[in-house]
Amino acid sequence: MRSIATCYSEHAVRVSDSYCSGPLNRSYLSPKLIQSIRNAVSLTYKTRLSSQKHLLITVTWCDKLICQGFWINVSEKMSPEFRNSSNSHQLCKIKGTKEFESCNSGIEVYWDLSNAKFEAGPEPISAFYIVVLIDSTICLILGDMEDDPQVKKVTVGLPIVKFSLVYQCENFSGQKTEFSTKAKFCDSGLAHDILVKFGEEDEGPKNPIFSVFIDNKRVIKVMRLQWNFRGNQVTFVDGVLVDVMWDVYGWFAQPSPSAAAVFLFRTRSGLDSRLWLEEKDLAEKNHDKLEFSLLISASKNPG
């Protein structure tokens with residue numbers, strides 16, 4: 001996120017803003033595009049033990065060609081480089097248990113993906129479970145198998161603490177300029193359908209537009225991306241202020257297959273003095289004040 005945040009003034013307060021560095025003189029959209037697919041999803045949950053220790057639990061699902069199972073990371077600070085961290089563990093079996101230590105705590109992970117069902121991407125949508133115990137406390141339960149005998153056996157008699165999703169990162173690859181996912185912007189809200197897409201203005205493919213749809217309703221429309229290839233606007237979801245930032249310069253200006261576009265959605269309370277926080281700020285921010293962020297990163301590389 002640092003490379004995006006530095007494009008803007010630290011004290012920006014305008015509700016809607018665009019960054020302009022001159023036009024990009026090239027044709028942007030092609031009628032023959034490779035379908036974009038979701039190949040990795042990372043979900044970070046915050047939790048607090050009875051000892052008042054704050055921890056972040058990150059579960060990352062990858063394309064099956066990369067990893068048959070998932071990665072798990074337990075840490076005290078947010079870190080985008082979870083795979084390079086000594087706190088990260090790759091769990092490749094479809095069913096099993098794992099014990100390790102992290103942040104001076106004992107971690108136990110129980111999971112079963114034997115009958116998991118998938119839709120569009122590497123993250124299962126039903127018929128699975130993941131249970132994470134930290135110091136013999138239930139800190140995370142994912143899936144829809146709470147009544148499974150093994151889940152009951154693992155969790156019976158153990159205390160449970162509240163956990164909530166604070167960061168969702170989705171990676172796409174391919175050339176088609178439509179990226180869809182689901183996200184909850186607050187604990188009390190519903191899961192919303194999010195669609196990010198490029199289109200064409202009346203002038204043709206040299207003048208693309210950028211749109212964000214939430215539950216099939218367009219909430220953001222940016223014209224003339226050849227000028228507005230970086231920018232930010234604001235919308236409201238479930239009564240929560242959501243800042244939307246985009247950086248599509250690499251996607252349009254770089255011919256290499258690794259050229260990327262990045263879209264960041266972040267909830268913000270009225271007390272926040274800045275629209276965007278850099279990675280170091282996010283890592284140092286009080287866990288109780290962490291807002292929800294959704295990061296969509298799209299690469300043209302089909303692999």
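Just so you know, we're using full-length UniProt numbering here: the sequence shown kicks off at 1 and counts up by one. For glycine and all other residues, C-beta sits at the position ideal for the given N, C-alpha and C.
Relative to the alpha-carbon of residue 229, which residue among 218, 252 and 244 has its alpha-carbon at the smallest distance? 252
Can you grab the Cα-Cα spacing for the pair residue 301 / residue 158, in whole Å? 46 Å
Which first and last residues belong to the alpha helix (DSSP H) in which residue 261 is found? It is not in any alpha helix (DSSP H) - residue 261 instead sits in the beta strand (DSSP E) that spans 260 to 267.
Residues sharing a beta bridge with residue 246, DSSP: 231 and 263
Excluding the 5 residues flanking residue 40 on each side, which residues of the same chain have their C-beta closer than 6 Å to its C-beta? 62 and 171
Counted within 10 angstroms of its Cβ, other Cβ atoms place residue 245 as buried (16 or more) or exposed: buried
Cα-Cα separation, residue 249 to residue 225: 9 Å
Among the candidates 100, 212, 71 and 240, whose CA atom is the shortest distance from the CA of residue 177? 212
Counting along the chain, where does the beta strand (DSSP E) carrying residue 150 start and finish? Run containing residue 150: none in the beta strand (DSSP E); it sits in the alpha helix (DSSP H), 149 to 155.
Residue 127 by DSSP, collapsed to three states: which one? coil
If you count every other CB in all the chains shown that lies within 10 Å of the CB of residue 265, and 16 or more means buried, which is it? buried
Taking the Cβ atom as the reference point for each residue, do residue 174 and residue 298 lie within a distance shorter than 9 Å? yes
Proximity below 9 Å, CB of residue 91 to CB of residue 121: no
Pick from 99, 93, 95 and 293: whose alpha carbon is nearest that of residue 73? 99
Where do the N-terminal and C-terminal ends of the beta strand (DSSP E) with residue 44 fall, by residue? 37 to 48
Reduced DSSP category for residue 305 - H, G, I as helix; E, B as strand; rest coil: One cannot answer for residue 305 here, as it falls past the ends of the chain, which runs 1 to 303.
Straight-line CA distance for residue 58 to residue 218? 31 Å
Between residue 129 and residue 147, how many whole angstroms is the CB-CB distance? I'm expecting something under 8 Å. That pair is no contact at about 10 Å.
Whole-angstrom Cβ separation of residue 241 and residue 165, contact assumed at under 8 Å? That belief does not hold up - the Cβ atoms of residue 241 and residue 165 are roughly 18 Å apart, past 8 Å.
Let me know if residue 97 comes out buried or exposed under the rule of 16 or more other beta-carbons within 10 Å of its beta-carbon. exposed
Along the beta strand (DSSP E) that carries residue 161, what are the first and last residues, could you check? No beta strand (DSSP E) holds residue 161; DSSP gives it neither H nor E.
Whole-angstrom distance between residue 134 and residue 106, CA atom to CA atom: 6 Å
Give me the DSSP bridge partner(s) of residue 90. 71
Could you check the C-alpha separation between residue 154 and residue 108 for me, to the nearest Å? 10 Å
Within a Cβ cutoff of 6 Å, which residues of the same chain sit near residue 181, ignoring the five residues on either side of it in sequence? 170 and 194
Report the partner residues of residue 140 according to the DSSP bridge assignment. 132
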